[in-house]
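Notes follow once the structure below has been shown.
In the numbering used here, the protein residues as written are 25 to 266.
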């Protein structure tokens, strides 16, 4: 084989290598784009499912029909109840402790949690609020009284259950709620302490109402309440496959 022929062969090999490199690069870019788009649609679907879970949960607790259910798609993730959320309430000299737990969904680096009325979201370490907690503080004008009263409403949703479901397909989540306790208090100092993986979001929410201190996963909130209403519900959470 003469030098010209060898040169042509090497040239073809070089061109073929460049073409294959370009094709591989384009394929990887397109494939990555498809994966990211698919992941985005899955996350949007799960977020919408948890908004519906929130609505069904509210119906179970407040709607007069204790037993409620909803069907969602797992889409390759894991649905579980976790015992990582604890809330204590000190009212004057009385202290109450609750293991409120949380209902969670995890898919890769995405996580959404239903925690005491709140929907918290975490994606690649960035946390944000989708729905605020069921703790309300308002200043109201009392008829025939001077100034304003601070009305503090704390509704705790204590989740009971030990579920962990993962994979593909559909799953039905059942909620069965009942009232545990409810009390009315006047003119008390209130200390609310929350231990949660989403402590920074609790801090952000409670900061608008009073003094908040956060240390790692624990948030401590203090405020004087002219009127305090504390209500605690228990909700049994179970699942069944379709």
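From the three backbone atoms N, C-alpha and C, an ideal C-beta is built for every residue, glycine too.
Nothing here was measured: the structure is a model prediction, and the numbers come from that model.
*Below 9 angstroms between beta carbons: does that hold for residue 127 and residue 190?*
The beta carbons of residue 127 and residue 190 sit no closer together than 9 angstroms.
*Closer than 9 angstroms to chain D by CB, residue 88*: No chain D appears in the structure shown, which is made up of a single protein chain.
*Whole-angstrom Cβ separation of residue 194 and residue 96, contact assumed at under 8 angstroms?*
Between residue 96 and residue 194 the Cβ distance is about 7 angstroms, and since that is below 8 angstroms, they are a contact.
*Which two residues bound the contiguous beta strand (DSSP E) that contains residue 209?*
Judged by DSSP secondary structure, residue 209 falls within the beta strand (DSSP E) whose first and last residues are 194–219.
*List the residues that DSSP assigns as beta-bridge partners of residue 265.*
For residue 265, the beta-bridge partners assigned by DSSP are 195.
*Taking C-beta to C-beta, are residue 179 and residue 162 nearer than 9 angstroms?*
In this structure, residue 162 does not lie closer than 9 angstroms to residue 179 by Cβ.
_Residues near residue 157 in its chain [Cβ-Cβ closer than 8 angstroms; skip 5 each side]_ = So the list reads 139, 140, 141, 142, 226, 229, once near-sequence residues are dropped.
*Look at the Cβ atom of residue 109, then the Cβ atom of residue 184, and state whether they are nearer than 9 angstroms.*
Taking 9 angstroms as the Cβ cut-off, residue 109 and residue 184 do not qualify as a contacting pair.
*Within 10 angstroms of its Cβ, does residue 181 collect 16 or more other Cβ (buried), or is it exposed?*
So residue 181 counts as buried.
*Please go through the same chain and pick out, in chain order, the residues whose beta-carbon is closer than 6 angstroms to the beta-carbon of residue 131, but skip the five residues on each side of it.*
Residues of the same chain with a CB within less than 6 angstroms of the CB of residue 131, apart from the 5 flanking positions on each side, are 101 in chain order.
*Less than 9 angstroms separating the beta-carbons of residue 80 and residue 94?*
Cβ atoms of residue 80 and residue 94: closer than 9 angstroms.
*Please report the Cβ distance between residue 122 and residue 111, rounded to the nearest whole angstrom; I am assuming they are in contact, meaning their Cβ atoms lie under 8 angstroms.*
Correct: roughly 5 angstroms between the Cβ atoms.
_Less than 9 angstroms between the C-beta atoms of residue 251 and residue 208, yes or no?_
Cβ atoms of residue 251 and residue 208: closer than 9 angstroms.
*Tell whether a beta-carbon distance below 9 angstroms holds between residue 175 and residue 253.*
The Cβ-Cβ distance between residue 175 and residue 253 falls below 9 angstroms.
*Using the C-alpha atoms, what's the distance from residue 244 back to residue 213?*
So the alpha carbons of these two residues sit roughly 13 angstroms apart.
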